[in-house]
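**Student:** Just so you know, the protein sequences line up as chains U and D, in that order.
First residue of the first sequence? That's 0 in numbering that gives the first Met the number 0, and the numbers climb one at a time after it.
First residue of the second sequence? That's 0 in numbering that gives the first Met the number 0, and the numbers climb one at a time after it.
2 protein chains.
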Amino acid sequence: MELTLIPREELERARALGELGLLADMCRANALVAVKRAGSGHLGSSFSAMDVVVHLFYAELNTAELGFEHPDRDVYFSSKGHDVPGLYAVLHALGVLPPERLLKLRRLGGLDGHPDVGIPGIEANSGSLGMGISKGRGIAWAKRHLGRGGRVVVLTGDGELQEGQNFEGLQAAAAHALGNLWVIVDRNELQSDKPTDEILALGDLETKLRAFGWHVASCDGHDHAALARVFAEFRSGGDAPKVLLANTIKGKGVSFMEHPRALAEGSGTYRWHAGAPDDDAFGRAYDELVERIRVRMPDLRLEPVRDAEADQIYSLEGEPESGAAVRPKVTDEYVAEAYGEALLELAERHPELVVLDADLASDCRIRPFELAHPDRFHESGIAEQDMVSAAAGMARHGLLPVVNSFAAFLASRANEQIYNQASEQTKVVYALHYAGLIPAGPGKSHQSIRDVSLLGALPNMVVVQPGNSAETRALLRWAVEEAAGNVALRLAIGPSPRRIDVPETEVAPGRGTTLHEGTDAVLFAYGPVMLHEALTAAESLPGRLQVIDMPWLNRIDVHWLSELVEPFGELFVVEDHSPVGALGDTLRRALDGRAVTVFGVEGWPACGAPLEALRYHGLDGSSLADRIALALRARATS
Amino acid sequence: MELTLIPREELERARALGELGLLADMCRANALVAVKRAGSGHLGSSFSAMDVVVHLFYAELNTAELGFEHPDRDVYFSSKGHDVPGLYAVLHALGVLPPERLLKLRRLGGLDGHPDVGIPGIEANSGSLGMGISKGRGIAWAKRHLGRGGRVVVLTGDGELQEGQNFEGLQAAAAHALGNLWVIVDRNELQSDKPTDEILALGDLETKLRAFGWHVASCDGHDHAALARVFAEFRSGGDAPKVLLANTIKGKGVSFMEHPRALAEGSGTYRWHAGAPDDDAFGRAYDELVERIRVRMPDLRLEPVRDAEADQIYSLEGEPESGAAVRPKVTDEYVAEAYGEALLELAERHPELVVLDADLASDCRIRPFELAHPDRFHESGIAEQDMVSAAAGMARHGLLPVVNSFAAFLASRANEQIYNQASEQTKVVYALHYAGLIPAGPGKSHQSIRDVSLLGALPNMVVVQPGNSAETRALLRWAVEEAAGNVALRLAIGPSPRRIDVPETEVAPGRGTTLHEGTDAVLFAYGPVMLHEALTAAESLPGRLQVIDMPWLNRIDVHWLSELVEPFGELFVVEDHSPVGALGDTLRRALDGRAVTVFGVEGWPACGAPLEALRYHGLDGSSLADRIALALRARATS
């Protein structure tokens, strides 16, 4: 479909009119286009925070004037980070980001799906919640210590305040009397797709924040006059750090995305938190914004978005593309869905099974469980550490907790709590959703390429990743019914790029399954994403590669493995994980003295469309085939 | 010296008198003996919490009556955990622990230095702070879900409340209306060795806790009538979880250990937080307690402690012992001291260097830095996540933060914050104190055997461990002045078992140093503890083992390594870390295709005296020599 952007000159014209609300709507329209083009992104909170962000940059902070490198500049960043499409639109309006880059949201070499300091105007990496106040207080302290000017302004979500680290940051900022630190809470009363009060009520936020020693104000976060009054009050000083509860509307500016209406229309679920609108919804939203802008600027000029890359995005998601490697269509298989269904089945036979969530129930496909067994579904809010320790307590008293979150958060932020639980020798199943490199659009806060290394050294933690839906069901059943200790179930979140055909057999711990026969080398892989790439590589090296689905990432049946690899000269592993600490290392330990070549995610995971990120790391089937062929030739001639 | 214990029969006699204060003093005396015998342990908070614990078990909870396995029992545990000598004394008084076991505090097969559910009467593993409320709310929820009776009572420290996870637990417990959950804050106003108000003020705790939706009470935590009144009020109900701020005195019961006096006598530092008193202080404390007990029980009978093991403890700390392996004396070298001194030197040339602490300044040997540069010393309180994110903010704004905590806490609890900081491509030095297996007395919450695996997969994190003081200074200087990215400096906390003689050369990243020549095999090791064991093994296999000090744990100069190992048939690594994810795996990656035998800490780290724990894991020099000789023989005959 045809997209248009509001060019910077038009935003400058609006600036001259002095209407911040108008500028905010223009930035909303541009953020909407960027998200539509990217195919994903967070509109709801980009829109709820937009008036605050526009007000800060256009009316309050010295940053645009001094530039983003000046030591005395005011520093603004968002702790939640998923509202960054809105910030990008403002940075475009300020001339910090060119339009071409705004249109490369979530693409390789473009703009990361969550903030990254490599991008002009971005002051802090965020995306995993609850770190911003601590980081902001570090900057505020550094400014004071170095005698530099400038305030530090941190935007947080309201749901985000469930993370305990916020309270560490609050207490330390007050103790260090950081009057140059301002926090603004984007109080839209929603978190992901449900009201905060339904997930885990925050209670009387004003009283809480005052009890932590902060100067507290509140106002309508879309009322620029009110914002100006509060900021003037904050400027007039005192040593206490300052917090504004900015009462906002999620989806503000587009009638059907505004949360009171959207919640009503969605039967209590808010659908505009993440993801791009379809063409119809996009058109209606865009038209509504442009019409309102044209009330004040009837001659608004829109610039058509034209470049060849636009279509390519979709082809990268799996459509056939013009190039060496023709890609099959992405399937409609989601292993996480199979996981959610299997949980429901197991619940019937296992009354001790309870499911824990940290506000990712939809993404983790446990909403059906919540609806079927509300009494056995336990919501912790965005508080992974608390969720894990609560599960530890439940496990000691007769329950089998199945704990859900994204792998990047659960294995890392709750790592010590998992260690503590494991040390009690109880059994908990950890479902590590969104494991691996793909989808690569959200960027490094969400991509999980260290989870196996983070859990693999625990004595009683078996880490597995299924390759298809059937294997997901089998491994979950094994985890619940047979495993003696903890199991971490690594799960891809996106659609399987192909249905991986794994012969159905008994679950055999430590053993993999041959998916493709070959003579020259063995290639081990796991999970639907990497198995697809491994099979693609094998198909382009006919007869040469034996592809093994190896779901056991830190347990090996050494006898099986030794027999399997004995006839082969070369062993390869491909994994959507750092080459440190996952299956490659496990195989080397088991096969002590045989060379194993590991193709993993080297360096920081790239942000981009799936195939862009895979190619960047040399992990797509075509690159893999090249790398393997090269290695085989090198060995043959050495 | 001659020790005596108050036998259980005498405690039963006191119980009949109905005086809980008397029972508490008797348990204090027994806890004091256990700690004296162990050579370490936490008296200050064992004593501050003692009246509460005695009151709970003797006057409030049904646990002693129903037994510790009964599903309807009341559940009590301490979240801070280091007060467990006091709890052990109460469990001895109740007949749950026999006297022989009480006298095996911090010994192999005895009582762990922090609570472990493997011990009768222990309901939860703790020792790393801030998890207890979450765990307690999990148990309370499980009890309600399963229709079981019994309350859950969690004791926390007050300094402990600085950990953000507490607030996650508080908000979730209130949201889930867990009226059967009680929290008691042992409000002694001190944390480790300084007043809470000096480290990081907690502010108005009552208001804070009320703002989180809890029913709040406070009373004198040594006044049993007052405790009874509050617990009666709690029992009378309501859905809100309940919290008691029990105002206590750290060191209560021994005049010179009570904190008002002890702080005055210690010039503001409290010295009875951890560690056993010397003979004189022990005698005075014990006499004072016994004299007060004898006012009420003039005929108190004391039972002499007699068994052969008592002296052995001291020999295990390094004195010559009768056995196969004669141990050299422990030295007075502490690598952490060298670290603290080097920090001071580097601070002179590097005004950008700042030091961050999370209430372990004495243990981390950064108190001298704090005194010399109070403006460059930054206290975060017990809040490792906040400390790391604050450091991230400082690093983005021109400072070089050196972040300190124990390895078990820093690498694990703040793992995601470290990932986030690293992703901003700034530089921070992480000092991982108390790394490894030894000292093994505090138990698995404090022993760090996963830290290399937790940080090793970060693209820009070099993990090193120096073997002696000179190497500590050199590596810290390299980290501050030369390293391009983050450095994690793994440091032993105890005295070096011998001075490791490392030839002083330029710091050469990825290269180790030969400490001992041999012909048959190479043995890699790092850190003073394991290098000592490696050298001991080499000395008992004359001429056979080449011992390499390899301080680079995840970076290898492959050329150097290949040349080094080329003449040797066998390669061994010994490490005070899990065999997963540390130097062994790094060497296998670098030497792809050569066998490397790794002797690491298999399973959960054992609690005990140093040599007990090393022997348990087969990592002392003598066991190592046997294991290596066996491997060499096996290879020779295969």
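Backbone N, C-alpha and C fix where the C-beta goes; we use that ideal spot for every residue, glycine too.
Looking at the unbroken beta strand (DSSP E) that takes in N403 (chain D), where does it start and where does it end?
**Tutor:** Walking along the second sequence from the start, residue 403 (chain D) turns up at place 404. L399 to F405 is the span of the beta strand (DSSP E), which, as asked, contains N403 (chain D).
**Student:** Could you tell me which of D:G20, D:R27 and D:A15 sits nearest to I5 (chain D), measuring between CA atoms?
**Tutor:** Looking up residue 5 (chain D) in the second sequence gives position 6. When only C-alpha atoms are compared, the closest one is D:R27.
**Student:** I'd like the list of long-range same chain contacts for S622 (chain U), defined as Cβ closer than 7 Å, with 5 residues on each side in sequence excluded.
**Tutor:** Within the first sequence, residue 622 (chain U) is the residue found at index 623, counting from 1. Cβ neighbours of S622 (chain U) beyond the five flanking positions: R614.
**Student:** I'd like to know whether the C-beta atoms of A430 (chain U) and N467 (chain U) end up nearer to each other than 9 Å.
**Tutor:** The residue given as residue 430 (chain U) occupies position 431 in the first sequence. The residue given as residue 467 (chain U) occupies position 468 in the first sequence. No; because the gap between Cβ atoms is not below 9 Å, this pair is not in contact.
**Student:** Between D331 (chain D) and chain U, is there a C-beta pair that is closer than 9 Å?
**Tutor:** To locate residue 331 (chain D), count along the second sequence from 1; it is residue 332. So no, D331 (chain D) is outside the interface.
**Student:** Using only the alpha-carbon positions, how far apart do E569 (chain D) and W477 (chain D) sit?
**Tutor:** Position 570 of the second sequence, counting from 1, holds the residue named residue 569 (chain D). Position 478 of the second sequence, counting from 1, holds the residue named residue 477 (chain D). Each residue's Cα considered, the two are about 32 Å apart.
**Student:** Is D203 (chain D) close to chain U? Criterion is C-beta to C-beta, closer than 9 Å.
**Tutor:** Within the second sequence, residue 203 (chain D) is the residue found at index 204, counting from 1. Chain U contact via Cβ: present.
**Student:** With 9 Å as the C-beta to C-beta threshold (strictly closer), list the residues of the segment 386-398 of chain U near chain D in chain order.
**Tutor:** From the segment 386-398 of chain U, only M386, V387, S388, A389, A390, A391, G392, M393, A394, R395, H396, G397 and L398 have a Cβ closer than 9 Å to chain D.
**Student:** Using the Cβ count rule (16 or more neighbours within 10 Å means buried), how would you classify P400 (chain D)?
**Tutor:** Here the question's residue 400 (chain D) lines up with position 401 in the second sequence. Buried.
**Student:** Could you name each continuous beta strand (DSSP E) segment of 3 residues or more that falls completely within the segment 476-526 of chain D, going from the start of the chain to the end?
**Tutor:** Runs found: 485-489, 512-515 and 520-524.
**Student:** For the beta strand (DSSP E) that G156 (chain U) lies in, which residues bound it at each end?
**Tutor:** Looking up residue 156 (chain U) in the first sequence gives position 157. Counting along the chain, the beta strand (DSSP E) containing G156 (chain U) begins and ends at V151 to G156.
**Student:** Rounded to whole angstroms, how far is the Cβ of N179 (chain D) from the Cβ of H91 (chain D), which I believe are closer than 8 Å?
**Tutor:** Numbered from 1 along the second sequence, position 180 holds the residue referred to as residue 179 (chain D). Numbered from 1 along the second sequence, position 92 holds the residue referred to as residue 91 (chain D). In fact, because the Cβ distance is near 28 Å, the residues do not count as touching under 8 Å.
**Student:** Can you round the beta-carbon distance between P578 (chain D) and G592 (chain D) to whole angstroms, since I take them to be within the 8 Å contact cut?
**Tutor:** Your numbering for residue 578 (chain D) matches position 579 in the second sequence. Your numbering for residue 592 (chain D) matches position 593 in the second sequence. Wrong, their Cβ atoms sit about 19 Å apart, outside the cutoff.
**Student:** Under the three-state reduction of DSSP, which class applies to W603 (chain U): helix, strand or coil?
**Tutor:** Here residue 603 (chain U) is taken as the residue at index 604 of the first sequence, counted from 1. W603 (chain U) falls in the coil class under three-state DSSP.
**Student:** Assign P327 (chain D) to buried or exposed, taking buried as 16 or more other Cβ atoms, counted over all protein chains shown, within 10 Å of its Cβ.
**Tutor:** The sequence position of residue 327 (chain D) within the second sequence is 328, counting from 1. Note that P327 (chain D) scores 47 on pLDDT, short of 50, meaning its location in the model is unreliable and no value can be drawn from it.
**Student:** At the 9 Å Cβ level, is R626 (chain U) part of the contact set with chain D, yes or no?
**Tutor:** As a first step, residue 626 (chain U) must be located in the first sequence, where it is residue number 627. R626 (chain U) does not count as touching chain D.
**Student:** Below 9 Å on C-beta distance, what does R642 (chain D) contact in chain U?
**Tutor:** This structure gives no information on residue 642 (chain D), because the portion of chain D shown stretches from 0 to 637.
**Student:** Which one or two residues does DSSP pair with Y75 (chain U) in a beta bridge?
**Tutor:** Within the first sequence, the letter at position 76 stands for residue 75 (chain U). Answer is U:V152, bridged to Y75 (chain U).
**Student:** Are there 16 or more other CB atoms within 10 angstroms of the CB of E574 (chain U), so buried, or fewer, so exposed?
**Tutor:** Sequence index remark: in the first sequence, residue 574 (chain U) carries index 575 (1-based). The residue in question, E574 (chain U), is buried, as its Cβ has 16 or more Cβ neighbours within 10 Å.
**Student:** For R300 (chain D) and A15 (chain D), I'd like the C-alpha separation in whole angstroms.
**Tutor:** For the purposes of this step, residue 300 (chain D) is taken as the residue at position 301 of the second sequence. For the purposes of this step, residue 15 (chain D) is taken as the residue at position 16 of the second sequence. One C-alpha to the other measures close to 16 Å.
**Student:** My output table needs one value for G620 (chain D): the three-state DSSP class, helix, strand or coil.
**Tutor:** Locating residue 620 (chain D) in the second sequence gives position 621, where the first residue counts as 1. Three-state DSSP puts G620 (chain D) in a helix.
**Student:** Mind pulling the chain D residues with CB within less than 9 Å of K249 (chain U)?
**Tutor:** Reading the first sequence from its first residue, position 250 is the one you call residue 249 (chain U). Within 9 Å Cβ-Cβ: nothing; K249 (chain U) doesn't reach chain D, min ~21 Å.
**Student:** Can you find the residues in the same chain that come closer than 7 Å, C-beta to C-beta, to R150 (chain D), ignoring five residues on each side of it along the sequence?
**Tutor:** The residue given as residue 150 (chain D) occupies position 151 in the second sequence. Closer than 7 Å at Cβ, skipping near neighbours: D73, N179 and W181.
**Student:** Could you check whether the segment 540-547 of chain D touches the segment 455-462 of chain D, counting it as contact only if at least three pairs of C-beta atoms, one from each stretch, sit closer than 8 Å?
**Tutor:** With the cut-off at 8 Å, the segment 540-547 of chain D and the segment 455-462 of chain D do not touch.
**Student:** Is the segment 180-197 of chain U touching the segment 32-51 of chain U, taking contact as three or more C-beta pairs under 8 Å?
**Tutor:** Cβ pair count under 8 Å is three or more, so yes.
**Student:** In angstroms with no decimal places, state the Cα-to-Cα distance between A173 (chain U) and W213 (chain U).
**Tutor:** Start at 1 with the first residue of the first sequence, and residue 173 (chain U) comes out as number 174. Start at 1 with the first residue of the first sequence, and residue 213 (chain U) comes out as number 214. Distance between the alpha carbons of A173 (chain U) and W213 (chain U) is about 6 Å.
**Student:** Beta carbons nearer than 8 Å to chain U: which residues of the segment 180-203 of chain D have them?
**Tutor:** Listed in sequence order: L199, A200, L201, G202 and D203.
**Student:** Take L177 (chain U) as the anchor and find which of U:G38, U:L154, U:G163 and U:P240 has the nearest alpha-carbon.
**Tutor:** Here residue 177 (chain U) refers to the residue found at position 178 when the first sequence is read from its first residue. Nearest option by C-alpha distance: U:P240.
**Student:** Assuming the contact rule is C-beta atoms closer than 8 Å, T512 (chain D) and V521 (chain D) should be a hit. Round their C-beta distance to whole Å, please.
**Tutor:** Along the second sequence, read from residue 1 onward, the residue named residue 512 (chain D) stands at position 513. Along the second sequence, read from residue 1 onward, the residue named residue 521 (chain D) stands at position 522. Going by Cβ atoms, the distance from T512 (chain D) to V521 (chain D) rounds to 12 Å, so no, they are not a contact pair.
**Student:** Per DSSP, what kind of secondary structure is L177 (chain U) in: helix, strand or coil?
**Tutor:** For the purposes of this step, residue 177 (chain U) is taken as the residue at position 178 of the first sequence. L177 (chain U): coil per DSSP, three-state reduction.
**Student:** For a cutoff of 9 Å on Cβ pairs, would you count M130 (chain U) as touching chain D?
**Tutor:** Here residue 130 (chain U) is taken as the residue at index 131 of the first sequence, counted from 1. Closer than 9 Å to some Cβ of chain D, the Cβ of M130 (chain U) qualifies, so yes.
**Student:** Mind listing which residues of the segment 437-458 of chain U have their C-beta closer than 8 Å to chain D's C-betas, in chain order?
**Tutor:** Flagged, chain order: K443, S444, I448, R449, S452, L453, G455, A456, L457 and P458.
**Student:** Need the endpoints of the alpha helix (DSSP H) that C26 (chain U) sits in, please.
**Tutor:** To locate residue 26 (chain U), count along the first sequence from 1; it is residue 27. That run of the alpha helix (DSSP H) goes L19 to A37.
**Student:** In whole angstroms, what separates the C-alpha of S447 (chain D) from that of A536 (chain U)?
**Tutor:** Here the question's residue 447 (chain D) lines up with position 448 in the second sequence. Here the question's residue 536 (chain U) lines up with position 537 in the first sequence. Rounded to whole angstroms, S447 (chain D) to A536 (chain U) spans 41 Å at the Cα level.
**Student:** Could you pull out every residue in the same chain whose Cβ sits closer than 7 Å to the Cβ of E351 (chain U), ignoring the five residues on either side in sequence?
**Tutor:** Within the first sequence, the letter at position 352 stands for residue 351 (chain U). Only G397, L398 and L399 meet the Cβ criterion.
**Student:** Apply the 10 Å Cβ neighbour rule to G620 (chain D) and answer buried if 16 or more other Cβ atoms are within range, or exposed otherwise.
**Tutor:** Along the second sequence, one-based indexing puts residue 620 (chain D) at 621. With 16 or more other Cβ atoms within 10 Å, it is buried.
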